[in-house]
Amino acid sequence: MTEPDDLPHRDRIAALFREAADTTPPPPGFDHDAVVTRSRRVTARRRSAVLGGAMALLVVAGVGAAVALPLGEDAASTAAAPAMAPAPEAGRAGDAGGSAESAPFAEEPGVADSSVPDALVGVPPFTGTPLGPGTTECAQRQDPELRALVEQVLPEVVGAPEGAVTMECRPGGERGVALEVDDAGATGLLGVEYQPPGAPVGDDPGAVAASAPTASGGTVVVRSRGAGPGAPVPFEGRLDTVAAFLAPRL
Numbered sequence: 000m001t002e003p004d005d006l007p008h009r010d011r012i013a014a015l016f017r018e019a020a021d022t023t024p025p026p027p028g029f030d031h032d033a034v035v036t037r038s039r040r041v042t043a044r045r046r047s048a049v050l051g052g053a054m055a056l057l058v059v060a061g062v063g064a065a066v067a068l069p070l071g072e073d074a075a076s077t078a079a080a081p082a083m084a085p086a087p088e089a090g091r092a093g094d095a096g097g098s099a100e101s102a103p104f105a106e107e108p109g110v111a112d113s114s115v116p117d118a119l120v121g122v123p124p125f126t127g128t129p130l131g132p133g134t135t136e137c138a139q140r141q142d143p144e145l146r147a148l149v150e151q152v153l154p155e156v157v158g159a160p161e162g163a164v165t166m167e168c169r170p171g172g173e174r175g176v177a178l179e180v181d182d183a184g185a186t187g188l189l190g191v192e193y194q195p196p197g198a199p200v201g202d203d204p205g206a207v208a209a210s211a212p213t214a215s216g217g218t219v220v221v222r223s224r225g226a227g228p229g230a231p232v233p234f235e236g237r238l239d240t241v242a243a244f245l246a247p248r249l
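Under numbering that gives the first Met the number 0, the first residue of the sequence shown is numbered 0, with each subsequent residue one higher.
Written as structure tokens, this is what we have:
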């Protein structure tokens with residue numbers, strides 16, 4: 000049973016509820032179109048952020064990849080990045096640009112060219128003008144300019160007596176040197192011949208020989224024979240070195 004003192008209080012509460020029910024709510028601050036517009040803006044920003052992050056990842060990775068991006072409720076866009084070729088090593092042999100390492104035939108320090116005799120490793124390359132063919136009417140069989148070059152590569156022959164040569168008038172473009180040599184007791188005859196471009200190179204079956212093409216387009220031949228049959232051949236192991244030294248200078 001309800002107490003009389005509670006009736007006024009309950010009546011006030013009931014009146015407040017009725018008043019709240021009868022009050023017209025204020026109009027909303029946004030409508031359907033505003034919600035759709037706002038949603039599209041948020042979606043666009045998310046697309047841009049995802050796309051930017053994906054492209055940055057592809058650039059850093061440097062490899063071919065495909066990334067599916069959530070660009071819509073019913074569609075996806077795929078961004079593909081081609082494989083990026085590795086950057087060429089700086090200063091590598093064959094590169095254009097002029098660095099020492101980029102030269103086509105540059106060698107690493109301490110690595111010798113296998114085509115150069117050991118005796119010439121470290122010898123500065125010849126940069127002068129090649130001697131080339133002779134200029135006399137008949138070839139000089141004891142050419143002083145050629146002998147000077149031979150003495151540079153074989154100091155042991157400095158002062159060696161001249162060997163016997165033919166008195167035949169050979170073509171003036173040829174050059175020659177013939178020396179009686181002594182290589183630590185191995186005596187014999189050392190001959191050096193330069194044949195100009197196009198001239199045939201003679202053969203000497205009784206001698207050990209080495210030859211090389213010259214800078215002027217000719218051929219240099221270095222021959223050595225011992226003092227007699229079966230005798231040691233002077234400078235036999237150095238004939239290739241002599242030819243290699245003379246080639247760029249003739």
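From the three backbone atoms N, C-alpha and C, an ideal C-beta is built for every residue, glycine too.
Legend entry - Assumed close pair R169, C137 - CB separation to whole angstroms, cut-off 8 angstroms: Position 170 of the sequence shown, counted from the first residue, corresponds to residue 169. Position 138 of the sequence shown, counted from the first residue, corresponds to residue 137. Indeed, because the Cβ distance is near 6 angstroms, the residues count as touching under 8 angstroms.
Inset, instruction - Determine which residues share a DSSP beta bridge with E179 and list them. - result: By one-based count along the sequence shown, residue 179 stands at place 180. Bridge partners of E179: L188.
Inset, instruction - Would you kindly report the start and end of the unbroken beta strand (DSSP E) that includes T218? - result: The residue you call residue 218 lines up with position 219 of the sequence shown. Element bounds for T218: T218 to G225.
Inset, instruction - Starting from G149, trace the alpha helix (DSSP H) both ways and give me its first and last residue. - result: The residue you call residue 149 lines up with position 150 of the sequence shown. Gly is not the amino acid found at residue 149; the sequence shown has Val there. Here the alpha helix (DSSP H) through V149 covers P143 to V152.
Inset, instruction - Could you name the residues of the same chain whose beta carbon sits closer than 8 angstroms to that of Q141, not counting the 5 residues immediately before and after it, in chain order? - result: Working through the sequence shown from its first residue, we reach residue 141 at position 142. Correct list, in chain order: E161, V164, G175, V176 and A177.
Inset, instruction - In angstroms with no decimal places, state the Cα-to-Cα distance between V241 and P116. - result: In the sequence shown, residue 241 corresponds to position 242, counting from 1. In the sequence shown, residue 116 corresponds to position 117, counting from 1. When rounded, the distance between both Cα atoms is 9 angstroms.
Inset, instruction - Would you identify the three-state DSSP class for E155, choosing helix, strand or coil? - result: What you label residue 155 is simply residue 156 of the sequence shown in a count that begins at 1. If DSSP states are grouped into helix, strand and coil, E155 belongs with the helices.
Inset, instruction - Give every residue of the same chain whose Cβ lies closer than 8 angstroms to the Cβ of R40, excluding the five residues on either side of it in the sequence, and list them in chain order. - result: Along the sequence shown, read from residue 1 onward, the residue named residue 40 stands at position 41. The answer is none, since no qualifying residue turns up.
Legend entry - Residue nearest to P212 in terms of C-alpha spacing, selected from A246, A226 and T186: Locating residue 212 in the sequence shown gives position 213, counting from the first residue. Checked all of A246, A226 and T186; the closest Cα to P212 is A246.
Legend entry - Residue environment, E192, which counts as buried when at least 16 other CB atoms sit within 10 Å: For this step, residue 192 is matched to residue 193 along the sequence shown. Answer is buried; the Cβ neighbour count reaches 16.
Inset, instruction - Using 10 angstroms around the beta-carbon of L153, count the other beta-carbons present and answer buried if the total reaches 16, otherwise exposed. - result: Walking along the sequence shown from the start, residue 153 turns up at place 154. So L153 counts as buried.
Inset, instruction - Using 10 angstroms around the beta-carbon of A13, count the other beta-carbons present and answer buried if the total reaches 16, otherwise exposed. - result: If you number the sequence shown from 1, residue 13 lands on position 14. Looking at its Cβ environment, which holds fewer than 16 other Cβ atoms inside 10 Å, A13 is exposed.
Legend entry - Closer than 7 angstroms: D182 CB and nearest the ligand FMN heavy atom: As for the ligand FMN, it is missing from this structure, which has no ligand bound.
Legend entry - Beta-ladder partner(s) of P233, from DSSP: As a position in the sequence shown, residue 233 is number 234, starting the count at 1. Paired residue(s): none; P233 is not in a bridge.
Legend entry - Rounded Cβ spacing between L209 and L189 (contact assumed at less than 8 angstroms): Along the sequence shown, one-based indexing puts residue 209 at 210. Along the sequence shown, one-based indexing puts residue 189 at 190. Rather than Leu, the amino acid found at residue 209 in this sequence is Ala. Wrong, their Cβ atoms sit about 12 angstroms apart, outside the cutoff.
Inset, instruction - Assuming V207 contacts E179 (C-beta within less than 8 angstroms), just tell me the rounded distance between them. - result: As a first step, residue 207 must be located in the sequence shown, where it is residue number 208. As a first step, residue 179 must be located in the sequence shown, where it is residue number 180. Going by Cβ atoms, the distance from V207 to E179 rounds to 16 angstroms, so no, they are not a contact pair.
Inset, instruction - Give the single residue among G201, Q139, V220 and L148 whose Cα lies nearest to the Cα of G171. - result: In the sequence shown, counting from the first residue as 1, residue 171 sits at position 172. Out of G201, Q139, V220 and L148, Q139 has the C-alpha closest to the C-alpha of G171.
Inset, instruction - With a threshold of 16 other CB atoms inside 10 Å of the CB of V156, please say whether the residue is buried or exposed. - result: Here the question's residue 156 lines up with position 157 in the sequence shown. Buried is the call here.
Inset, instruction - Report yes if the C-beta distance between P228 and A185 is below 8 angstroms; otherwise report no. - result: Position 229 of the sequence shown, counting from 1, holds the residue named residue 228. Position 186 of the sequence shown, counting from 1, holds the residue named residue 185. No, these two residues do not count as a Cβ contact at 8 angstroms.
Inset, instruction - Take R248 as the anchor and find which of V149, D203 and R17 has the nearest alpha-carbon. - result: Residue numbering aside, residue 248 sits at position 249 when the sequence shown is read from its first letter. Nearest C-alpha to R248: V149.
Legend entry - Given P195 as reference, the closest of G187, G216 and G205 once Cα atoms are compared: The count along the sequence shown starts at 1 and reaches residue 195 at position 196. Considering only alpha carbons, the answer is G216.
Inset, instruction - Could you tell me which of E144, G158 and D182 sits nearest to A230, measuring between CA atoms? - result: Locating residue 230 in the sequence shown gives position 231, counting from the first residue. For the residues E144, G158 and D182, the minimum Cα distance to A230 belongs to D182.
Legend entry - Rounded separation between G187 and T128 - CA only: Here residue 187 corresponds to residue number 188 of the sequence shown, with the count starting at 1. Here residue 128 corresponds to residue number 129 of the sequence shown, with the count starting at 1. Near 32 angstroms, if we compare the C-alpha coordinates of T128 and G187.
Legend entry - Nearest residue (CA-CA) to T218, options V122, G197 and G205: Locating residue 218 in the sequence shown gives position 219, where the first residue counts as 1. Cα-wise, what sits closest to T218 is G197.
Legend entry - Local conformation of R39 per DSSP, three classes: Within the sequence shown, numbered from 1, the residue matching residue 39 stands at position 40. Note: R39 maps to helix in three-state DSSP.
Legend entry - Presumed contact (8 angstroms Cβ cut-off) between L119 and A243, rounded CB distance: Sequence index remark: in the sequence shown, residue 119 carries index 120 (1-based). Sequence index remark: in the sequence shown, residue 243 carries index 244 (1-based). So it is a contact: roughly 6 angstroms between Cβ atoms.
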